[in-house]
Structures are given as structure tokens and as C-alpha cells.
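Numbering (UniProt numbering), first residue to last: 1 to 339.
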Amino acid sequence: MDAYYASPSSSFYDNAISRRFYEQKLRYLRFEPYPNDGLVTFGASGTAMCDRQLVLKNAQGVKPEKSDDLPFRGRQRRQGTAIVDYVQLDLVHMRKRLGADAKFTMAVRDNSEWDFEDAAQQRVIFEYPNPETGEFVSFAITAKPDGKFHYAPDGSRVIFEYKTKASGLRAMNGKIDFKGAQDDHIRQVTAEALVFGIDEALIVYESTQKPAWFDDAQSTSVTKGQKTWEDGQPRPDLRACYVKITDEMKAALLSDLARQAALVYEQRAGGDLPEVTAESTGKCGFCAFTDHCRKTLTADNLAKLQRIDSAMATSQMAGKAEHRNVIKYLAEVTASATE
């Protein structure tokens, strides 16, 4: 990708390739519901939901909440979508622009379509034992990756996922240097490996903040924490994380999804909602059922969270992210109760 974007020719698209790309996109501008087979269907990108969110999402009569958001968030979501679109268009030009130097190219399906997104989408049914009961549970996983690559040196296939980051160059690089790809993104490509039978993946991160056009390391008008160059080089705005998906990773994910699917089936049969846990409060930021979750919190669950808050406040967890998430959730429960 660096070789492509460094080339002057990257500023120009081949009309025939572009037309083929957009015609493929147009063919899939339609809505196709999942088969009405009653099975819980996990989207590959949604395999990191908390138990409660998953049950609410799959429970009849519970609709996702829609409310106004901060305007910049809407623009950020739109920006992320647009970036992935143009990156895919660039990727299908790689062979044209780089020739034999293009080691990774977008795979092509038997029908001559590029193997990405809706053209690649597949839904597979699994049966796996619930780790808590030992009983086999049926569920489905659906996946439509940002791409499947053909790797020229050995002819293998590689799953491709592209993620944008608005946290800034330093934050993105620091996080990747510390722990690599995000856990939920690794779960996503693991789910895709189960669907497609491809056990290698590249998760590529792009920072929407770009380095200054010229070296700013010596600029006195830029504070140290905001400098985007170091040692005469721009800080990377693109980072690729390689993931080898193992049988153990697949088994762990299937086991967890079987447990969650069982919770959904139990709730459909009249069971209770799963409890809110301290860990699950870290996933509330992108949940579409927050109001319903807070308003259906039981008194026992509330008391348990309050005890956890008190214990964290007097431990080494005080003030850390996990503790702040619990505090925030409890404050929102209180605010919801007074509305």
C-alpha cells in the first residue's frame, strides 16, 4: 500500500477497473434478510457484544434505540465508511499499478467478481456444546469481510479487514506497539476464518490524522505531544497486524457463541435477562439498547454493581478505566430512574 500511494499513478484510476468496481457495488444495493430459521445469527463484526446486549438484540419486540448524537460522530462514521470504499477501489488497482510487485491482490470469485463485502458474504450454521451445560446449541455466523487477498508468493488466501482510527497518530501507534490488534477485531477475523476456512488475516489500521506535510520535529509552534514526525520520518499513519487463527482460537469463540446463543433461546422461552457485569459496562458506548438495559436492571443486579464499585474504589482499580465504566453506568441508571 505504501508503494502504491507513493506512486504518482495512484492519483489516477483506470476507467475500466473503476466501472467494474462500481457496477459490482451497485449489484448489491439491496436488502436480503437472514433465512427465517429461528437461529441466532452472529455477524462476524458483532461477536464481542456483552450477553445482555446480544439477548436484547435478538429478543422479539425490543427495538434498537435511535436518538440524536454529537454531530462529529456522524461525520466520523461517514468518514470511516468512505475511506474503506476508496481503499477497496485502490486495492483492485494494485496489480495494474504495481505489476509483479503487488504481492497482495484482491481475490476474484468464480463469477469474476472481486471477493469482498456483499459479494463474499456467507452464512454458516454451527452446532457446538454450551460450556455451561454440555448440550449442543445451533447458531449461525455471517461474514462479509472488507476483502480476501490472493497472496502471490504461495497462492494462499488472506482475510482482510480495514479499520480507521480517529484517536491520532501517537495514540494509534502506541496502542498497536503495546498490544497489537484489538481483541474484538481478532474475534471478528476468527469468526470469518470459521465461515470461510481461511486461517490467516491482516487487520490494517489507518489513522485519520496525517503527518504534517513537512517535518515538524523542530517546529517551535508544535508542542511535543502533537509532533507528527520523528527522527526525520513521518509517524506511520498505516499499520498492518498479522493474525494467524488457530484451532484453539476457533474453539474458544465457538464455545462462547454457543453459550450466548443458549441465553437468547432461554430468554425467548421466558427466561431472565443476563446480568450487567462490571466487564460488560465497558461495552455500553456503542450499544443500541442502553435505555432499555438501565430501566430493566433488577435491584439485586444494581446492588451487586454498587458493591463492586465500592470494592474497586478501595483497591488498585480505583480510577482506572474499568472502575470509571462502572461509575458511569451507575450514574446513568440513577439518572434514568429520575426521568
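Every residue, glycine too, gets a C-beta built ideally from N, C-alpha and C.
Just so it is clear, the structure is predicted and the values come from calculations on it, not from any experiment.
Residues near residue i in its chain [Cβ-Cβ closer than 8 Å; skip 5 each side]
i: residue 232; result: 215, 217
i: residue 292; result: 56, 62, 65
i: residue 3; result: 98, 101
i: residue 9; result: 97
Enclosing beta strand (DSSP E) for residue i [first to last residue]
i: residue 238; result: 238-244
i: residue 255; result: Note, residue 255: premise wrong, no beta strand (DSSP E); alpha helix (DSSP H) at 247-268.
i: residue 147; result: 147-151
i: residue 139; result: 136-143
i: residue 21; result: From DSSP, residue 21 is part of no beta strand (DSSP E) but of the alpha helix (DSSP H) over 15-27.
i: residue 41; result: 41-43
Other residues of its chain near residue i: CB distance less than 6 Å, five sequence neighbours each side excluded
i: residue 258; result: 128, 130, 137
i: residue 324; result: none
i: residue 287; result: 53
i: residue 207; result: 165, 169, 172, 237
i: residue 193; result: 199, 245
i: residue 283; result: 50
i: residue 34; result: 41
i: residue 48; result: 184, 187
i: residue 105; result: 94, 95, 150
i: residue 225; result: none
i: residue 239; result: 176, 205
i: residue 123; result: 140, 142
Own chain partners of residue i with C-beta closer than 7 Å, once the 5 adjacent residues on each side are dropped
i: residue 55; result: 263, 264, 267, 273, 274
i: residue 7; result: 97
i: residue 21; result: 89, 92
i: residue 296; result: 273
i: residue 333; result: 294, 297, 302
i: residue 228; result: 169, 211, 212, 216, 234, 235
i: residue 108; result: 114, 115
i: residue 120; result: 144, 145, 148
Inter-residue CB distance, residue i and residue j (contact presumed, cutoff 8 Å)
i: residue 163; j: residue 185; result: 6 Å
i: residue 241; j: residue 203; result: 5 Å
i: residue 96; j: residue 118; result: Not quite, the Cβ-Cβ distance comes to about 23 Å (not below 8 Å), so this is no contact.
i: residue 243; j: residue 195; result: In fact, because the Cβ distance is near 15 Å, the residues do not count as touching under 8 Å.
i: residue 24; j: residue 114; result: 6 Å
i: residue 103; j: residue 181; result: Incorrect: roughly 20 Å between the Cβ atoms, too far for contact.
i: residue 125; j: residue 253; result: Their Cβ separation, rounded to whole angstroms, is 15 Å, which puts residue 125 and residue 253 out of contact at 8 Å.
i: residue 278; j: residue 305; result: 7 Å
i: residue 294; j: residue 336; result: 4 Å
i: residue 158; j: residue 191; result: Their Cβ separation, rounded to whole angstroms, is 16 Å, which puts residue 158 and residue 191 out of contact at 8 Å.
Environment of residue i [buried if 16+ CB atoms lie within 10 Å]
i: residue 36; result: exposed
i: residue 141; result: buried
i: residue 285; result: exposed
i: residue 112; result: exposed
i: residue 213; result: exposed
i: residue 84; result: buried
i: residue 147; result: buried
i: residue 281; result: buried
i: residue 82; result: exposed
i: residue 78; result: exposed
i: residue 135; result: exposed
i: residue 60; result: exposed
i: residue 318; result: exposed
i: residue 340; result: An answer regarding residue 340 cannot be provided, because it is not within the stretch 1 to 339 covered by the chain.
i: residue 289; result: buried
i: residue 248; result: exposed
i: residue 31; result: exposed
i: residue 321; result: exposed
Span of the alpha helix (DSSP H) around residue i
i: residue 340; result: Lying before the first or after the last residue shown, residue 340 is absent from the chain, which here runs from 1 to 339.
i: residue 122; result: Note, residue 122: premise wrong, no alpha helix (DSSP H); beta strand (DSSP E) at 122-129.
i: residue 178; result: 169-179
i: residue 312; result: 299-313
i: residue 94; result: 94-98
i: residue 72; result: 71-91
i: residue 333; result: 321-338
i: residue 6; result: 2-6
i: residue 55; result: 51-58
i: residue 295; result: 290-295
Any non-hydrogen atom of the ligand SAM within 8 Å of residue i CB
i: residue 83; result: With respect to the ligand SAM, the structure shown offers nothing to examine, as it has no ligands at all.
task = May I ask you to verify whether the region 62-75 touches the region 308-315, counting CB pairs closer than 8 Å and requiring at least 3?
result = no
message = Three Cβ pairs or more, each shorter than 8 Å: is that satisfied between the region 8-20 and the region 83-96?
response = yes
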